[in-house]
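To keep things clear, I will list the structure first and then write my remarks on it.
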Amino acid sequence: MTQKSITSLLSNIVICAVVVIIFVVSFSPSEIAVSSNNSPISKGESDTKVSLMVNVYWGTEYIPQMLDIFDAYNAKTTFFVGGMWAAENEEMLKEIYARGHEIGNHGYYHKDHKKIDYNRNKQEIEITHKVVKEILGVDMTLFAPPSGSYGDTTLTVASELGYKTIMWTLDTIDWRDQDKSVILSRATEKITGGALVLMHPTKATVAALDDILQAINKKGLSVSTVSEVIQPLQVNI
0 MTQKSITSLL SNIVICAVVV IIFVVSFSPS EIAVSSNNSP ISKGESDTKV
50 SLMVNVYWGT EYIPQMLDIF DAYNAKTTFF VGGMWAAENE EMLKEIYARG
100 HEIGNHGYYH KDHKKIDYNR NKQEIEITHK VVKEILGVDM TLFAPPSGSY
150 GDTTLTVASE LGYKTIMWTL DTIDWRDQDK SVILSRATEK ITGGALVLMH
200 PTKATVAALD DILQAINKKG LSVSTVSEVI QPLQVNI
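Counting along the sequence shown from 1, when you hit position 19 you're at 18 in numbering that gives the first Met the number 0, and nothing is skipped either side.
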């Protein structure tokens, strides 16, 4: 190899190295992580607002009582509805929305989203979106995975469909423990601004709801929709 060829080869190597360095600097891992952040949200940044999010696949008979109690405190919250439930309970869904509550997506068949593939995750969320859209004419933007089970695929699909994945700060576990005092304690004892409190339409939850709202008000907090409670977080994502 001639001296001229060696010089040319070294020059090309230097140019390639510079290009690689520029690429790495321009697209640092931290920036890539920020741009693709679709992590689930389990708490908002509000100092004064909390949400009593209600997941609905059953318990329809208790919803009218819950709505009346929320009305008595002028409290609006978010009901995450299953698609199959919504399709079978159109009038109740309309009533929830007419009372001023936010509607969120809870999947269609209450599947374990961590165990299903990309296409099934998409179907569960997308079909539920279409059902609610047809009934109410609204586009939901919040997704609560059934049983709180999700994987990276779930987060990716939800984000692609324009959804934020919502978890919880406090869980009343009211579907299992039908005890008014236990539900009250779990919902309010450790509650602070920004909390997302998970509950369901059960007889014991209805019995505890008035006391829960009173306790929240005594702490200087107000009940609002999930969107309002997490709004500061949404701006930063």
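Ideal Cβ placement from N, Cα and C applies to all residues, glycine included.
For residue i, write down the residues that DSSP places opposite it in a beta bridge.
i, result
"ALA194", "LYS42"
"SER184", "Bridge partners of SER184: none, in fact."
"LEU141", "LYS163"
Does residue i come out as helix, strand or coil in the three-state DSSP assignment?
i, result
"GLY103", "strand"
"VAL80", "strand"
"SER148", "coil"
"THR164", "strand"
"ASP170", "strand"
"VAL131", "helix"
"SER221", "strand"
"GLN122", "helix"
"ALA86", "helix"
Taking the continuous beta strand (DSSP E) assigned at residue i, which residues delimit it?
i, result
"LEU51", "48-55"
Given a cut-off of 9 angstroms on the beta-carbon distance, is the pair residue i and residue j in contact?
i, j, result
"GLY192", "LEU220", "yes"
"ASN54", "PRO145", "yes"
"LEU195", "GLY99", "no"
Taking the alpha helix (DSSP H) that residue i belongs to, which residues open and close that run?
i, result
"PRO63", "62-71"
"MET91", "89-97"
Next item on the list: Taking 8 angstroms as the threshold, find out whether the region 130-139 comes into contact with the region 81-99 through three or more Cβ pairs.
Entry: yes
Check: Taking three-plus beta-carbon pairs below 8 angstroms as touching, is the region 134-145 in contact with the region 159-176?
Finding: yes
Check: Within the chosen definition, does the region 53-64 reach the region 116-125 through at least 3 CB pairs nearer than 8 angstroms?
Finding: no
Item checked: Segment contact, 8 angstroms Cβ cut-off, at least three pairs: the region 44-54 with the region 208-225 -> yes
Notebook entry, point to check: Pairing CB atoms from the region 143-152 with CB atoms from the region 171-186, are three or more of them under 8 angstroms?
Noted result: no
Margin query: For the structure I just gave you, are there three or more beta carbon pairs, one from the region 70-78 and one from the region 92-107, closer than 8 angstroms?
Written below: yes
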